[in-house]
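Residue numbers (my numbering): 1 to 149.
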């Protein structure tokens, strides 16, 4: 499964509690643009309206080999393909205090483009610093163990 984009800021800014996989409704040119790995997930989120899930603020640039498109909005809302039961679960979680739904990564599963979304809780500044400190300590330990072998 090649990964086309990862939302690194989501892992930095949020504590991921649960993940789900969703399909995307894209045009043909958008699918080709996604496969060129030029998309940006930073600042994007999932909105739930009328029992439908929408991906907001994802920047998929215009595919450069497509003809002169009349109008193309690279940040238009894109519909997510999720089962009704999962949408109900997401709606319940989104109404809980402090929880939000963010896209984590975009990848292909066979010929389909999939999006991994996560239910997340925002981190405080001290939590972010602790995460960075723990990561540095783990890296130093791995380095020491590698040198001893």
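In this text, a Cβ means the ideal position worked out from N, Cα and C, and glycines have one as well.
Note that the coordinates shown come from a computational prediction; the quantities given were computed from them, not determined experimentally.
- For residue 116, the beta-bridge partners assigned by DSSP are 21 and 105.
- Pairwise C-beta distances place the region 82–95 in contact with the region 20–35, as three or more of them are shorter than 8 Å.
- With a 10 Å radius around the Cβ and a threshold of 16 neighbouring Cβ atoms, residue 33 comes out buried.
- Between residue 101 and residue 87, the gap from beta carbon to beta carbon reaches 8 Å or more.
- Looking at the backbone, the Cα of residue 5 and that of residue 41 are separated by about 7 Å.
- For residue 59, the secondary structure class from DSSP, reduced to helix, strand or coil, is strand.
- Judged by DSSP secondary structure, residue 46 falls within the beta strand (DSSP E) whose first and last residues are 45–49.
- Within the DSSP bridge table, the entry for residue 16 names 120 as partners.
- If you ignore the 5 residues before and after residue 143, its C-beta comes within less than 6 Å of no other C-beta in its own chain.
- When secondary structure is reduced to three states using DSSP, residue 100 falls in the strand class.
- If you draw a straight line from the Cα of residue 45 to the Cα of residue 55, it comes to about 6 Å.
- The Cβ neighbour count for residue 60, taken over all protein chains shown within 10 Å, is at least 16; the residue is labelled buried.
- Here the region 89–104 makes contact with the region 114–134; the two share three or more CB pairs at distances below 8 Å.
- For residue 130, the enclosing alpha helix (DSSP H) starts and ends at 125–148.
- Here the alpha carbon of residue 103 sits roughly 40 Å from the alpha carbon of residue 148.
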